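Trainee: Going by this note's numbering, the first residue of the sequence shown is number 511, and it counts up by one from there.
Where is the CB? At the ideal position from N, CA and C, for every residue including glycine.
Remember, it's a predicted structure, so these values are computed and weren't measured experimentally.
First the structure, which I've put down as structure tokens, then a few questions once you've had a look.
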Amino acid sequence: MTIAGPGSVKVTLTKSLHGQLASIAASVRGLGLRKPHQSVTVVGTPQNRGMINAAVHLLKVEEA
Numbered sequence: 511m512t513i514a515g516p517g518s519v520k521v522t523l524t525k526s527l528h529g530q531l532a533s534i535a536a537s538v539r540g541l542g543l544r545k546p547h548q549s550v551t552v553v554g555t556p557q558n559r560g561m562i563n564a565a566v567h568l569l570k571v572e573e574a
């Protein structure tokens with residue numbers, strides 16, 4: 511899932527999902543992240559921003 515454009519956000523999974531709540535893991539999976547240190551670029555929609563906020567302690571977020 512690499513969609514670049516205005517309002518895009520690059521998200522990197524910096525920590526493992528092991529031991530996290532199912533809802534947090536689902537948010538990370540919904541962003542398209544599967545493995546630690548994997549990066550994806552997503553559109554900065556309110557839905558994607560909400561998933562990022564749910565798992566912000568596991569992610570590194572940069573404007574793309």
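(1) Label N558 either buried or exposed according to how many other C-beta atoms from any shown protein chain fall within 10 Å of its C-beta, with 16 as the threshold for buried.
(2) For A574 and H567, I'd like the C-alpha separation in whole angstroms.
(3) In whole angstroms, what separates the C-alpha of K545 from that of S526?
(4) Are A562 and S537 closer than 9 Å when you measure CB to CB?
(5) In terms of DSSP beta bridges, what is L569 paired with?
Mentor: Reading from the atomic positions:
(1) buried
(2) 20 Å
(3) 8 Å
(4) Here the sequence assigns Ile to residue 562, which means Ala is not the residue at that position. In this structure, S537 lies closer than 9 Å to I562 by Cβ.
(5) L523
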